[in-house]
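Okay, structure first, notes after.
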């Protein structure tokens with residue numbers, strides 16, 4: 013089983029430990045040495061920018077999550093008999109919906125809730141099929157949906173109609189959309205009593221939410237900028253979007269208008285809870301801000317900030333105690349995850365330095381806890397037009413920094429050490445550039461020069477003995493001058509990197525025994541498929557062991573961890589694999605003690621597709637799928653064959669997809685690009701190895717349908 017890059021990744025992953033809370037500061041980069049340190053090519057930084065990271069923030073707001081208020085009274089007229097209430101004071105937004113509509117609020121992750129307008133806290137669809145299409149970023153075909161958003165748009169403080177006309181013009185200029193009328197006034201209820209005036213307008217053209225293509229939608233936007241007893245905030249708005257395909261608008265218009273009449277607005281300036289309680293939307297961050305928050309168990313906190321143009325972001329997330337393991341995610345206005353940091357240990361501080369955000373719009377900062385535990389934290393944000401740490405800065409033992417290396421640049425990070433101390437350093441590129449790591453002593457002597465891996469590989473210095481007392485320098489650069497993101501870790505000692513052991517491969521149903529040495533970690537490798545339900549059990553065979561087990565994917569993302577029981581007792585992980593591929597089980601003793609243990613890997617394997625037969629080049633096979641059925645077709649291919657695969661549905665309502673696997677069972681391509689009723693195609697694919705290949709076919713919605721499959725050689 014190939015594992016060429018695993019060990020380098022693991023070194024970096026295991027070494028990452030707690031981050032110091034003191035601020036990082038940029039310093040001068042002059043080393044006068046016998047073998048001199050290369051001069052930085054980074055442009056000078058504006059003096060004001062240098063100070064921005066340490067400027068005192070005058071206010072520190074505490075984010076709390078009070079219990080939800082009692083729901084407001086919903087309309088009780090016969091017209092709404094049997095309708096369901098969606099939302100309440102905790103969500104900020106509320107309305108009534110027909111009993112057959114599906115409440116999708118909370119089923120979407122934070123990346124999907126983020127968009128160019130705001131954070132989606134409410135989502136409904138007219139059917140489960142429409143909902144599945146939305147969540148799968150597919151055109152909805154026949155159907156309709158409603159979204160409720162909390163926004164922080166920089167709009168002029170005019171009347172609601174003027175404000176919405178301005179927003180509609182912005183939305184029309186940024187995509188192929190047109191307004192069908194001027195904005196009109198509308199009045200809705202306020203949860204505390206009384207009414208508030210907003211505005212609505214209709215647009216036609218490209219969808220406003222979700223990344224669906226080739227969709228011609230009509231969307232009615234409702235905008236409210238005032239909610240409570242005359243309180244006005246032009247920087248906080250409530251937005252409702254009611255959307256359907258243009259040709260079906262008349263079918264849903266009366267339902268939309270009836271739902272709009274039931275809207276109730278609550279305090280949209282307080283903490284907002286996404287409908288199913290999966291996240292708290294806490295508020296907007298300023299360009300230099302420091303806030304405190306308190307995570308509830310199994311609930312994420314969501315903060316937002318807006319950018320008028322490109323900025324460099326510096327984020328620090330610190331737990332208030334050492335018992336919680338925080339995760340920091342940054343999501344762009346288009347819903348893409350810019351960065352996700354989870355350095356792997358409880359009590360760590362997560363830091364992002366000089367992350368260039370090129371897009372203007374609303375960004376989302378998501379704070380969560382790996383195990384879903386509750387706890388308090390502090391979050392800081394500093395946005396600048398120039399990098400704060402463009403040439404490097406200070407790094408302390410026990411600290412991990414994520415930064416960006418510009419093309420042709422180099423970073424120098426300095427630390428103070430004493431003669432005789434041992435340090436370990438790990439440089440991990442976050443993308444495919446070939447990083448080079450150099451270490452210089454206080455007298456300028458180069459102690460280490462590492463470029464031992466390929467592009468994307470981690471560079472590791474383990475147990476380096478410091479020869480002198482003074483300031484050391486770590487130089488980060490790249491082989492061909494290309495740039496990219498990287499993480500740099502500095503740790504005292506060498507135990508965390510010197511005792512990594514490849515224990516071997518496991519298969520389902522296997523039990524194996526091994527012995528841990530002091531401060532050693534064992535890595536076991538296995539291959540699984542999406543949907544496999546795993547049961548991993550490690551049992552101490554010597555009573556002194558307090559075992560800690562981690563499950564990692566092939567990108568060394570931690571999927572699960574278990575250390576719940578006492579010394580001498582077994583630990584178990586139950587987990588459903590998200591993807592096909594290679595996985596890793598990491599076993600170690602919590603206190604670094606030696607001892608013998610036993611590991612067992614079991615699985616309820618995912619259902620095997622039904623064998624549909626063999627298909628030959630140039631033939632078209634017609635067949636059918638039963639409801640919720642998946643089938644597999646096989647074909648023989650030679651290395652270098654250039655092939656086309658086409659899957660054609662016989663029904664205009666079917667949404668087919670197929671997955672191509674190589675002879676070793678590795679997933680090569682997932683093809684699901686066409687709209688409902690249209691053929692899926694993989695064109696001009698070059699076969700990489702000789703053998704029996706396979707094509708797995710199913711229907712996205714699990715519906716029965718007939719189809720035609722063709723595999724041709726060019």
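Numbering (the working numbering), first residue to last: 13 to 726. Yeah, the Cβ is synthetic: ideal placement off N, Cα and C, and Gly gets one too.
Quick check on this structure: which residue in the options has the alpha carbon closest to the alpha carbon of residue i?
{"i": "residue 117", "options": "266, 135, 339", "result": "135"}
{"i": "residue 515", "options": "605, 406, 528", "result": "528"}
{"i": "residue 498", "options": "196, 445, 91, 598", "result": "445"}
{"i": "residue 635", "options": "642, 720, 593, 659", "result": "720"}
{"i": "residue 401", "options": "314, 392, 325, 353", "result": "325"}
{"i": "residue 338", "options": "480, 391, 301, 416", "result": "391"}
{"i": "residue 645", "options": "438, 629, 639", "result": "629"}
{"i": "residue 191", "options": "206, 141, 258", "result": "258"}
{"i": "residue 668", "options": "197, 333, 217, 715", "result": "715"}
{"i": "residue 216", "options": "229, 208, 209", "result": "229"}
{"i": "residue 4", "options": "176, 186, 620", "result": "Absent from the structure is residue 4, since the part of the chain shown begins at 13 and ends at 726."}
{"i": "residue 345", "options": "274, 95, 222, 544", "result": "222"}
{"i": "residue 413", "options": "423, 393, 365, 374", "result": "365"}
{"i": "residue 351", "options": "416, 388, 155, 411", "result": "416"}
{"i": "residue 544", "options": "575, 586, 403", "result": "586"}
{"i": "residue 203", "options": "185, 270, 280", "result": "280"}
{"i": "residue 385", "options": "484, 271, 312", "result": "312"}
{"i": "residue 270", "options": "109, 712, 530", "result": "109"}
{"i": "residue 438", "options": "451, 423, 501, 404", "result": "501"}
{"i": "residue 329", "options": "341, 90, 564, 449", "result": "341"}
{"i": "residue 472", "options": "449, 332, 492", "result": "449"}
Using 8 Å as the threshold, is the C-beta distance between residue i and residue j below it?
{"i": "residue 709", "j": "residue 647", "result": "no"}
{"i": "residue 614", "j": "residue 537", "result": "no"}
{"i": "residue 151", "j": "residue 227", "result": "yes"}
{"i": "residue 723", "j": "residue 655", "result": "yes"}
{"i": "residue 554", "j": "residue 610", "result": "no"}
{"i": "residue 193", "j": "residue 213", "result": "yes"}
{"i": "residue 478", "j": "residue 420", "result": "no"}
{"i": "residue 319", "j": "residue 369", "result": "yes"}
{"i": "residue 745", "j": "residue 480", "result": "The question about residue 745 has no answer here: the residues shown for the chain are numbered 13 through 726."}
{"i": "residue 681", "j": "residue 672", "result": "yes"}
{"i": "residue 200", "j": "residue 129", "result": "no"}
{"i": "residue 661", "j": "residue 705", "result": "no"}
{"i": "residue 387", "j": "residue 307", "result": "yes"}
{"i": "residue 235", "j": "residue 172", "result": "yes"}
{"i": "residue 666", "j": "residue 643", "result": "no"}
{"i": "residue 389", "j": "residue 317", "result": "no"}
{"i": "residue 649", "j": "residue 592", "result": "no"}
For the ligand GDP, is there a heavy atom less than 7 Å away from the beta-carbon of residue i?
{"i": "residue 342", "result": "Inclusion of the ligand GDP in the displayed structure is not the case, the ligand content being empty and no account of it being possible."}
Between which two residues does the beta strand (DSSP E) harbouring residue i extend?
{"i": "residue 552", "result": "545–552"}
{"i": "residue 700", "result": "It is not in any beta strand (DSSP E) - residue 700 carries neither H nor E in the DSSP assignment."}
{"i": "residue 313", "result": "312–319"}
{"i": "residue 560", "result": "559–564"}
{"i": "residue 172", "result": "No beta strand (DSSP E) contains residue 172, which is instead part of the alpha helix (DSSP H) from 172–186."}
{"i": "residue 427", "result": "423–429"}
{"i": "residue 361", "result": "Taken as a continuous stretch (DSSP letters only), residue 361 belongs to no beta strand (DSSP E), as it is neither H nor E."}
{"i": "residue 717", "result": "717–725"}
{"i": "residue 534", "result": "533–540"}
{"i": "residue 440", "result": "434–441"}
{"i": "residue 250", "result": "249–257"}
{"i": "residue 346", "result": "Run containing residue 346: none; DSSP gives neither H nor E here."}
{"i": "residue 331", "result": "323–331"}
{"i": "residue 232", "result": "229–236"}
What first and last residue would you give for the alpha helix (DSSP H) that runs through residue i?
{"i": "residue 8", "result": "Absent from the model: residue 8. The displayed extent of the chain is 13 to 726, so no value can be given."}
{"i": "residue 638", "result": "Residue 638 -> no alpha helix (DSSP H), and no H or E assigned at all."}
Quick check on residue i - is its C-beta less than 8 Å from some C-beta in chain B?
{"i": "residue 404", "result": "The structure shown has no chain B; it contains just one protein chain."}
Exercise for the section: Count the CB pairs spanning the stretch 375–382 and the stretch 450–465 that are closer than 8 Å, and state whether there are at least three. Expected result: no
Practice task
Could you tell me whether the stretch 555–566 touches the stretch 601–611, where touching means 3 or more Cβ pairs closer than 8 Å?
Solution key: Judged by pairs of C-beta atoms under 8 Å, the stretch 555–566 touches the stretch 601–611, as three or more such pairs exist.
Exercise for the section: Please specify which runs of the alpha helix (DSSP H), each continuous and at least 4 residues long, are wholly inside the stretch 376–416, giving them in chain order. Expected result: none
Problem - Every unbroken beta strand (DSSP E) inside the stretch 664–698 [3 residues or more] - result: Within the stretch 664–698, the complete beta strand (DSSP E) runs of at least 3 residues are 668–673, 679–683, 692–698.
Practice task
Could I get the ranges of all uninterrupted alpha helix (DSSP H) runs contained in the stretch 90–153, with 4 residues as the minimum, in chain order?
Solution key: 122–125, 140–147
Practice task
Count the CB pairs spanning the stretch 136–147 and the stretch 170–182 that are closer than 8 Å, and state whether there are at least three.
Solution key: no
Exercise for the section: Entirely within the stretch 568–642 and at least 4 residues each: give me those alpha helix (DSSP H) ranges in chain order. Expected result: none
Problem - Segments assigned alpha helix (DSSP H), at least 4 residues, entirely inside the stretch 450–484 - result: Within the stretch 450–484, no complete alpha helix (DSSP H) run reaches 4 residues.
Problem - In chain order, each beta strand (DSSP E) run of at least 3 residues that lies wholly inside the stretch 188–222 - result: 189–191, 196–202, 207–217
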